Amino acid sequence: MSGTSADGTEGVLLLHGIARRAASLRPLERRLTCAGYVTLNLDYPARRLGLADIAELIAPTVAAFGEDVTRLHIVTHSMGALVARVLLAQRRPDNLGRVVMLGPPNGGSEIADALHRFAAYRRFFGPAGAELGTERGAAQARLFGRVDYPLGIIAGSRSLYPLASLLLPGPNDGRVTVARTRLGGMTDHIVLPAAHPTMMWNRRLAAETLHFLREGRFGCR
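Okay, so the sequence shown: first residue is 6 according to the numbering used here, each after it adds one.
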């Protein structure tokens, strides 16, 4: 975990994806810090716990960080978006600002559907991996809550996995289709030529993330 805070300053919570660590968001974190935000770039056991347990685990740390900033924004990559949705449904901070999701599997992923039948996938990705499929029931809908906060979503349209992309109907980033990144209640949505595993290092995505945090909308049109 890395984090800094200062009175009177806006903060950004960063949440990484399922097979990643906080280090994967370090370049984006540095960009945010240079722009004047203080950051909390959390490591969490993405492959050992389910989404609800992850949200419960990080909630006290997030709450403490939020008390030291004027507004608490959230930026996520991949499954970090689902963690953020559960966290906001259960422990939404009073000073919540804006939320940006990069390549979020909001509607699940057909890749997870295909691979979950294999024991190796289940062992490696753990409980949260089982929650990345496209089949979503009423219990998950309640877990995620509804979006009533400023939300910007950036989807990728470039894939590094041509074989995996054959399983994905329509434009995709190699892991999630553009269509399944969308979410009811979102404020803005854009598609950029970026691949799922590297999009958080993309300078254009970083610039659009900053634009949404500042303006409540994306800049490219």
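We treat Cβ as the ideally placed atom computed from N, Cα and C, and that holds for glycine.
Please read these numbers as outputs of a predicted model, since none were measured by experiment.
DSSP puts residue i in a beta bridge; with which residues?
{"i": "Ala160", "result": "Val196"}
{"i": "Val17", "result": "Thr44 and His78"}
{"i": "Leu101", "result": "Leu77"}
{"i": "Asn177", "result": "Thr182"}
Which residue marks the beginning of the beta strand (DSSP E) containing residue i, and which one marks its end?
{"i": "Thr44", "result": "Val43 to Leu47"}
Does residue i pass the burial test, meaning 16 or more other C-beta atoms within 10 Å, or should it be called exposed?
{"i": "Leu165", "result": "exposed"}
{"i": "Ala11", "result": "Interpretation of Ala11 is limited by its pLDDT of 45, a score under 50 that renders its predicted location unreliable; the figure taken from the coordinates is listed afterwards. Classification for Ala11: exposed."}
{"i": "Arg208", "result": "exposed"}
{"i": "Asp153", "result": "exposed"}
{"i": "Leu171", "result": "exposed"}
{"i": "Pro65", "result": "exposed"}
{"i": "Gly85", "result": "buried"}
Using DSSP with H/G/I as helix, E/B as strand and the rest coil, what is residue i?
{"i": "Thr186", "result": "helix"}
{"i": "Leu107", "result": "strand"}
{"i": "Phe123", "result": "coil"}
{"i": "Trp206", "result": "helix"}
{"i": "Arg90", "result": "helix"}
{"i": "Gly134", "result": "helix"}
{"i": "Ile116", "result": "helix"}
{"i": "Phe223", "result": "coil"}
{"i": "Ala28", "result": "helix"}
{"i": "Glu213", "result": "helix"}
{"i": "Arg128", "result": "helix"}
List the endpoints of the continuous alpha helix (DSSP H) containing residue i.
{"i": "Ser170", "result": "Pro167 to Ser170"}
{"i": "Phe71", "result": "Residue identity check: residue 71 is Gly in the sequence provided, not Phe. Note, Gly71: alpha helix (DSSP H), Leu56 to Gly71."}
{"i": "Arg36", "result": "Arg31 to Cys39"}
{"i": "Arg147", "result": "Ala143 to Phe149"}
Query raised in the report: Can we say the segment 63-79 touches the segment 90-103, given the rule of at least three CB pairs closer than 8 Å?
Result: A contact is defined here as three or more CB-CB pairs under 8 Å, and the segment 63-79 meets this definition with respect to the segment 90-103.
**Report entry** Stretch-stretch touch, CB-based, cutoff 8 Å, three pairs: the segment 115-129 with the segment 187-196
**Finding:** Taking 8 Å as the limit for Cβ pairs, the verdict is that the segment 187-196 does not touch the segment 115-129.
**Report entry** Given 8 Å, three or more beta-carbon pairs between the segment 34-46 and the segment 14-23
**Finding:** The segment 34-46 vs the segment 14-23: in contact.
Query raised in the report: Contact between the segment 195-208 and the segment 138-149: three or more CB pairs below 8 Å?
Result: At 8 Å Cβ cutoff, the stretches do not touch.
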